[in-house]
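For reference, the structure discussed in these notes is given below.
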Amino acid sequence: MKREIVVAVAGNPNVGKSTLFTILTGEIAHVANWPGTTVERKEGIRRHRGRVIRFVDLPGTYSISATSPEEIVAREYIVSGEPDLVLVLVDSTAPERTLNLAVQVLELTSRVVIALTKADAAHSQGIHIHVDKLEEKLRAPVVLVSALKGTGIRELLDTILDVAEGKRSGKSTLRINYSWLEPYISEVESLLRKQNVLPEYDRRWLAIKLLEGDRRLEDLLIQKGLKTVVEKTRSLRQAIERSTGRSISEHIITSRFNYVDSIARETVVRVPAPSAPMFSRIENLLIHPLYGPPLGLLILLAAFTAAFALNTGFPLNIVFSSIGLSEVAELVEEYSLSGLVEKGFSILGAKTAEILYAAGAPSWVVALIAEGVIPGVGSVLSFFPLIVIIYAALSVIEDSGIGPRIAVSMNRFFNYFGLSGKAIYPFMIGLGCNVPAVLASRASIEEEERKQIIVSVPFVPCQARLIVILAFVTAYFRKPVFQALSIISIYAVALLLALATSLATRRVYFRKKTPPELILEIPPIHRPSFKVVWWLTWDYSKHFLRKAGTLIVLLSIATWWLLSYGPGGIVEDVRASYGAILGKAISPLLLLYGVGGENAWKTAFALIQGLAAKEALIETIAVMQGGEVSTKEALLALGLTPLQAYSLLVFMVLYVPCFATIAAIYLETKSLKTTLVSMLYMIASAMIISLTIYYLGQLILLVAT
Amino acid sequence: MIPLAYLPPGTRARIVGLTGGYGQTRRLMEMGFTPGTQVEVLSSGPGPLLVKVRGVVVALGRGVASKIIVEPMR
Ligand SMILES: Nc1nc2c(ncn2[C@@H]2O[C@H](COP(=O)(O)OP(=O)(O)O)[C@@H](O)[C@H]2O)c(=O)[nH]1
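See below:
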């Protein structure tokens, strides 16, 4: 007996797969990508009746044809021989739609367990499904479950074990009658039998897929030297389509849905149930052509403002200080979550240094840990509460069903920039942090749109850049009107550049004239479940911790080393460090902005630091001005004119957000070339735009005086 | 027979055929937009249409919706 039972979990998007997966496995054991793809692979373990069950989450898809990488991944894993059985989820509130995937899997393999999800919701909507009858029709075990209420889980696990142990299982795959296509299916089947083609696949299934013209399978056959088989099925397909005038794949999908309908008619009973009037009113407002877009934006903005205020005190601190309550503003900042985390880490750094000294550790070790690693970890963690809260807010918006409706109402706006309404997610997330924003590009079904988002969303000013903007603007502009105008104009420039980049990528690089089409499933509006929101939030946040965390820790060590060491070993004065040498090397660039001398290399080095993380920019400037001055004094000590400050600020906001984002771009595209090109593009456009502003400004000043 | 995009809200219709490209047609069909299936237009304005198909609400951009040919039902 095999020690471990492997279960592949398949289901349509929105079927309740993540929720059930979390209920089944609790902690997710392992997240990785499927080999050779950017499709995420999740695994989790559950012990039941003394056996270990390993659940492997397949991507949420509507079918297992080969139209997307997700579908290929799902299908090839099912036939790989690794899973003992496939658990297919069917949404019991929409069986007529979601049974389709179950039927497709049953055509491919007989080792299937079907879970009817959201039993509680089906019940309250007056939908009843005859489980026994359904089992009889599909010849596979069916279990009614509710992940939210926790019902049916034990029975589901029992059934999985029974099937895995061979006590209960369908003997053969499901046969759907494809009417006039049947003789041709038999013809291809006998061809496949003679040549013993791909014995790991069900032969009938393979025959149907080849008749449909499945590219992936055709390629596989050609690779195995079975080109003649492919040629035969291809010419057969062409002959059939020519003589019948109908598309085979359309016939197959339609027949399958007709079969699903016939099953549903016999097993699903609907009794009228009252619908919640409040939800339908919200719903109507959200998708209203006139009120929808502003309402949607308002909800998102409110969520973000709340998250920012809790974390950084912004914009409450500005509000308080502008009405003369600057002490309150300082308190708000100090007791914001990031403020507290940062303070905690500076205390931790000092204490650790003390303890290490006392223990007799060499001084470079103490410095590395207390000045390099701990502040580095701290700088990541000070953003962590923000990430968690923003994700919580977005998860509420998503889980309640408001999110997809906002995407619908914003569709027209994003169409102008070569995107669909779905782009609202990455753009909003980007205002918090660019790393999860790049990852959020996954929601796009169109590959081009996904790439457009990946290269354009890093221009969206994140929280770290907001800090830089606020610091410079308050230092160099005294009048609140100018401060406000500079902040708004910089956000406008950055967002426009992001949208223009997306449009240009689509038009020039992908050569597509029309925006991506929106095809989006809209789940019913409902009260978000606390459990689901928490899981979603934690799942995303862990992602951030793991991917950004490791990188930033390494970077902060590198930064510390650059500033502490020079050609002559440990340096007391940063001016002799490798960092200064680096800064001097690129300081000529700053001459373009009319900045020279000592300030040029300092600004240049700060810009290099800013490549790693934007917060580092301001800190570096403060450190290099002697440390003991306020941020404002340090910035003023650079001696810039307001025009220079503004243009440089534009540069700082637009060039490469941080290394974590670059890493995210690489992880999402798996292409070193795309990553490098987008990095260079960001630096180049930052230079061009900021220099244009600088010289136009100079010209205006010249004319004015 | 008219494209789904031109139906006013509240109308029901039966799908006759899909005229888009191979990938899009396939995706729509796998989502349940197969010939013979009944659809109901829930809302239709300048933006995307909301239609109900097989018990699920789906938002369709106008471009997609004009490639789904339907026969309105009384
Ligand atoms: N009523 C009810 N809703 C559920 C249940 N499981 C999931 N949902 C909801 O269904 C939606 C989709 O769930 P999710 O797990 O994200 O689906 P996925 O896309 O398949 O991973 C969410 O809004 C969930 O809150 C359930 O057992 N009962």
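Each protein sequence line maps, in turn, to chains G and V. Position 63 (the first sequence) corresponds to 63 in our numbering; numbering is contiguous. Position 65 (the second sequence) corresponds to 65 in our numbering; numbering is contiguous. Glycine included, C-beta positions come from ideal geometry on N, C-alpha and C.
Report the three-state DSSP secondary structure of residue 14 of chain G (helix, strand or coil). Coil.
Pair within 9 Å by beta-carbon distance, residue 164 of chain G and residue 85 of chain G: In terms of Cβ geometry, residue 164 of chain G and residue 85 of chain G form a close pair [threshold 9 Å].
Which whole runs of the beta strand (DSSP E) in the stretch 382-424 of chain G are 3 residues long or more, in chain order? With a minimum length of 3 residues, no continuous beta strand (DSSP E) run stays inside the stretch 382-424 of chain G.
So, with DSSP's three-state summary, where would you put residue 177 of chain G? The three-state reading of DSSP puts residue 177 of chain G in coil, since its state is none of H, G, I, E or B.
Answer with yes or no whether the minimum CB distance from residue 478 of chain G to chain C is below 9 Å. Within the model displayed, chain C is absent; protein chains G and V are what it includes.
Round the Cβ separation of residue 68 of chain V and residue 28 of chain V to the nearest angstrom and send it over; I've been treating them as touching at under 8 Å. 7 Å between Cβ atoms; contact.
Give a yes or no on whether the C-beta atoms belonging to residue 174 of chain G and residue 198 of chain G are separated by under 9 Å. Their beta carbons are not under 9 Å apart, which means residue 174 of chain G does not touch residue 198 of chain G by this criterion.
What residues match up with residue 2 of chain V in a beta bridge as DSSP calls it? Note: residue 2 of chain V sits in a beta bridge opposite V:70.
Counting along the chain, where does the alpha helix (DSSP H) carrying residue 612 of chain G start and finish? In this chain, the alpha helix (DSSP H) harbouring residue 612 of chain G covers 598-612.
Under the DSSP definition of a beta bridge, which residues are partnered with residue 749 of chain G? Residue 749 of chain G lies beyond the residue range present for chain G, which begins at 1 and ends at 705; the question has no answer from this structure.
If we count the other Cβ atoms within 10 Å of its Cβ and call it buried at 16 or more, is residue 180 of chain G buried or exposed? Residue 180 of chain G should be labelled exposed.
To the nearest angstrom, how far is it from the Cα of residue 518 of chain G to the Cα of residue 671 of chain G? In a straight line, the C-alpha of residue 518 of chain G is about 27 Å away from that of residue 671 of chain G.
Along the stretch 36-57 of chain V, what residues have a CB closer than 8 Å to any CB found in chain G? Listed by position along the chain: 36, 37, 43, 45, 46, 47, 48, 50, 53, 54, 55, 56 and 57.
Are there 16 or more other CB atoms within 10 angstroms of the CB of residue 591 of chain G, so buried, or fewer, so exposed? Its Cβ having fewer than 16 others within 10 Å, residue 591 of chain G is exposed.
Looking only at its own chain, which residues have a Cβ that is under 7 Å from the Cβ of residue 392 of chain G, when we skip the five neighbours before and after it? Spatial neighbours of residue 392 of chain G in its own chain (CB-CB distance under 7 Å, excluding positions within 5 residues in sequence) are listed in chain order as 533 and 537.
First and last residue of the alpha helix (DSSP H) that includes residue 668 of chain G? Residue range 659-669 is occupied by the alpha helix (DSSP H) that includes residue 668 of chain G.
Less than 8 Å between the CB atoms is what I'm expecting for residue 652 of chain G and residue 610 of chain G, so what's the real figure, rounded? About 6 Å separates the two Cβ atoms, so the contact holds.
Residue 650 of chain G vs residue 693 of chain G beta-carbon contact at 9 Å: For residue 650 of chain G and residue 693 of chain G, yes; Cβs fall inside 9 Å.
Which residues DSSP lists as bridging residue 33 of chain G, in chain order: As computed with DSSP, residue 33 of chain G is found in a beta bridge with G:40.
Using a Cβ cut-off of 9 Å (strictly closer), state whether residue 48 of chain G contacts chain V. It does not; no Cβ of chain V falls within 9 Å.
Mind checking the stretch 231-260 of chain G against chain V and listing, in chain order, the residues whose C-beta falls within less than 8 Å of any C-beta there? Under the 8 Å Cβ criterion, the stretch 231-260 of chain G contributes 249, 250, 253, 254, 257 and 258.
By the 10 Å Cβ neighbour count, where 16 or more other Cβ atoms means buried, how is residue 496 of chain G classified, buried or exposed? Exposed, by the Cβ-count rule.
Considering only residues of the same chain and omitting the five flanking positions on each side of residue 458 of chain G, which have a CB-CB separation below 6 Å? In the same chain as residue 458 of chain G, and ignoring 5 residues on each side of it, the C-beta atoms closer than 6 Å to its own belong to 434, 657 and 661, in chain order.
Quick check on residue 92 of chain G: does DSSP put it in helix, strand or coil? Residue 92 of chain G sits in coil when the DSSP states are folded into three classes, being neither helix nor strand.
Can you determine whether any heavy atom of ligand 1 sits closer than 8 Å to the C-beta of residue 61 of chain G, and answer yes or no? Outside the cutoff, so no.
Roughly how many whole angstroms lie between the Cα atoms of residue 669 of chain G and residue 586 of chain G? One C-alpha to the other measures close to 30 Å.
With respect to the beta strand (DSSP E) encompassing residue 52 of chain V, which residues constitute its N-terminal and C-terminal limits? Per DSSP, residue 52 of chain V belongs to the beta strand (DSSP E) from 49-53.
Report the neighbours of residue 1 of chain V on chain G: residues whose CB is nearer than 8 Å to its CB, in chain order. The premise fails here: residue 1 of chain V is roughly 17 Å from chain G at the closest Cβ pair, so nothing lies under 8 Å.
From what residue to what residue does the beta strand (DSSP E) around residue 55 of chain G run? For residue 55 of chain G, the enclosing beta strand (DSSP E) covers residues 51-57.
Residue 526 of chain G, enclosing beta strand (DSSP E) - first and last residue: Where residue 526 of chain G is concerned, there is no enclosing beta strand (DSSP E), because DSSP gives it neither an H nor an E.
Could you give the C-beta distance for residue 460 of chain G and residue 494 of chain G, rounded to a whole number, given that I count them as a contact under 8 Å? Yes, they are in contact, since the Cβ atoms of residue 460 of chain G and residue 494 of chain G sit about 7 Å apart, within 8 Å.
Reduced DSSP category for residue 39 of chain V - H, G, I as helix; E, B as strand; rest coil: Looking at residue 39 of chain V - three-state DSSP - the assignment turns out to be strand.
Which whole runs of the beta strand (DSSP E) in the stretch 66-153 of chain G are 3 residues long or more, in chain order? Whole beta strand (DSSP E) segments, 3+ residues: 85-91, 112-117, 127-129 and 142-144.
C-beta neighbour in chain V for residue 642 of chain G, strict 9 Å: Answer no: the Cβ-Cβ gap between residue 642 of chain G and chain V never drops below 9 Å.
Cutoff 9 Å: residue 19 of chain V Cβ touching any chain G Cβ: Not an interface residue.
Just to check my reading of the structure: residue 52 of chain G and residue 83 of chain G have Cβ atoms closer than 8 Å, yes? What is that Cβ distance to the nearest angstrom? No, residue 52 of chain G and residue 83 of chain G are not in contact; Cβ-Cβ is about 14 Å, not under 8 Å.
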